[in-house]
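> Those protein sequence lines, which keep their order, are chains A and B. Mind the numbering: the first sequence is residues 1 to 147 in the working numbering, read in order. Mind the numbering: the second sequence is residues 1001 to 1147 in the working numbering, read in order. Every residue, glycine too, gets a C-beta built ideally from N, C-alpha and C.
2 protein chains.
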Amino acid sequence: MPSDDNRTYSIKELACDFGVTPRTLRHYEDQGLIAPERQGQNRIYSAEDRVRLAWILRGKRVGFSLSEIGEMLDLYNVGDGRETQRAVTVDRCRDRIRALEAQRDDINATIEELQEFCELIANLIRDKDRGLWVRRDTGQPLGKYQP
Amino acid sequence: MPSDDNRTYSIKELACDFGVTPRTLRHYEDQGLIAPERQGQNRIYSAEDRVRLAWILRGKRVGFSLSEIGEMLDLYNVGDGRETQRAVTVDRCRDRIRALEAQRDDINATIEELQEFCELIANLIRDKDRGLWVRRDTGQPLGKYQP
DNA sequence: GTTAACGTTTACGTTAACGTCAACCACGAA
DNA sequence: TTCGTGGTTGACGTTAACGTAAACGTTAAC
């Protein structure tokens, strides 16, 4: 089957595919995050632009700002740069990784707390449904339809 | 040793402890996220307010907006509410958990890509340091100090 | 030939999460 | 008494990431 790797996309196609608006894509271009080719005035997006966009949107989802994402994308374009520049790149890359790991820890902690709380309430509901609730004063079961 | 659980804190103390500004705490209060007691005009923060603040800040770190965090904090205050309200609470709680898990997956994917890229550049540096680079045209080693 | 669907640039509007500043009060120390 | 420190309430400013609207140019369809 024909690989679609050399297909191109209009701005609306690409936007729809990724659930964003054309305005968003233009904005990313203004910020220097993507640079699609042009046919006259019109923007023509390539498969490469797609993966860039995917990167950008995932970066957003994990909490990076557009300028941070821009820096990270730049990291991929310095393979031909100077040595010192490369070392800096590696350092910053590792900083990002550490930050992401910290964020992941935060997320895990939040998930755990939410799970505990969620189960607690779910159990409350289930127990009431089984008529397990009792009156605080007498200790008598409330029965099934007690407010 | 004396438990500090009933200590109180001024706005500046609490702000410093958590690396934010007093303005931030007032803002959170405006949004209904915390409601410290007062001594006359002055805000007095309790140990309970501390844990609330910790929750808020972690919520921020994992990407929630203040209003979302407010809703989540509200979840903890409906234990005495109606049955239907409880069910809604559980549902929304589980939605949040799923969203957080998705976000965690994103983070893991990003970490992996950054790690691969990072190792790639690190290897470039190491190899050059060992004089392993060659000229593209002749295949001859470049030696150690080739730009 | 004009209407519809797509594209373009330019520019002002909006929201969130505070920053910043003014004007004020209270209190302990010098 | 004045100064420094820390608190208060407005209220306007700022930044990021777009939304929205105006004014305009293409191309295909009817």
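1) Name the two residues that bound the continuous alpha helix (DSSP H) containing Ile1011 of chain B.
2) Quick one: what does DSSP say Gln1041 of chain B is sitting in, helix, strand or coil?
3) With a 10 Å radius around its C-beta and 16 neighbouring C-beta atoms as the bar for buried, classify Thr1110 of chain B as buried or exposed.
4) Using a Cβ cut-off of 9 Å, which residues of the region 90-109 of chain A contact any Cβ in chain B, in chain order?
5) So that I know if they touch, is there some Cβ in chain B lying closer than 8 Å to that of Asp17 of chain A?
6) Determine the direct distance from the alpha carbon of Arg1023 of chain B to that of Arg1104 of chain B, and round the result to whole angstroms.
7) For Glu1037 of chain B and Val1090 of chain B, I'd like the C-alpha separation in whole angstroms.
8) Within 8 Å (strictly less), CB to CB, does Ile1044 of chain B reach chain A?
9) Could you check how far apart the C-beta atoms of Ile34 of chain A and Leu53 of chain A are, in whole angstroms? I think they sit under 8 Å.
10) Consult DSSP for Ser46 of chain A and reduce its assignment to one of helix, strand or coil.
11) Mind reading off the beta-carbon distance from Leu1114 of chain B to Ile97 of chain A? Whole number of angstroms is fine, and I expect it under 8 Å.
12) Decide if Leu120 of chain A is buried, meaning its Cβ has at least 16 other Cβ atoms within 10 Å, or exposed.
13) Strictly below 9 Å CB to CB, what residues from chain A border Glu1068 of chain B?
A quick look at the data gives this:
1) Here residue 1011 of chain B is taken as the residue at index 11 of the second sequence, counted from 1. It spans Ile1011 to Phe1018 - the alpha helix (DSSP H) in which Ile1011 of chain B sits, taken as one unbroken run.
2) For the purposes of this step, residue 1041 of chain B is taken as residue 41 along the second sequence, with counting starting at 1. Reduced to three states, the DSSP call for Gln1041 of chain B is coil.
3) On the second sequence, residue 1110 of chain B is found 110 positions in, with the first residue counted as 1. With 16 or more other Cβ atoms within 10 Å, it is buried.
4) For the region 90-109 of chain A, the beta-carbon criterion of a distance under 9 Å to any beta-carbon of chain B is satisfied by Val90, Cys93, Arg94, Arg96, Ile97, Leu100, Glu101, Ala102, Gln103, Arg104, Asp106, Ile107, Asn108 and Ala109.
5) The residue you call residue 17 of chain A lines up with position 17 of the first sequence. Asp17 of chain A has a beta carbon lying at 8 Å or more from every beta carbon in chain B.
6) Sequence index remark: in the second sequence, residue 1104 of chain B carries index 104 (1-based). Sequence index remark: in the second sequence, residue 1023 of chain B carries index 23 (1-based). Rounded to the nearest angstrom, the two C-alpha atoms are 31 Å apart.
7) As a first step, residue 1037 of chain B must be located in the second sequence, where it is residue number 37. As a first step, residue 1090 of chain B must be located in the second sequence, where it is residue number 90. As the crow flies, the alpha-carbon of Glu1037 of chain B is around 30 Å from that of Val1090 of chain B.
8) The sequence position of residue 1044 of chain B within the second sequence is 44, counting from 1. So, not an interface residue.
9) Mapped onto the first sequence, residue 34 of chain A falls at position 34. Mapped onto the first sequence, residue 53 of chain A falls at position 53. Confirmed, about 6 Å.
10) Position 46 of the first sequence, counted from the start, is the residue given in the question as residue 46 of chain A. In this structure, Ser46 of chain A counts as coil in the three-state DSSP scheme.
11) By 1-based counting over the second sequence, the position of residue 1114 of chain B is 114. By 1-based counting over the first sequence, the position of residue 97 of chain A is 97. Contact holds; Cβ gap of about 5 Å.
12) Along the first sequence, one-based indexing puts residue 120 of chain A at 120. Classification for Leu120 of chain A: exposed.
13) Here residue 1068 of chain B corresponds to residue number 68 of the second sequence, with the count starting at 1. Residues of chain A passing the Cβ test: none, with the nearest at roughly 12 Å.
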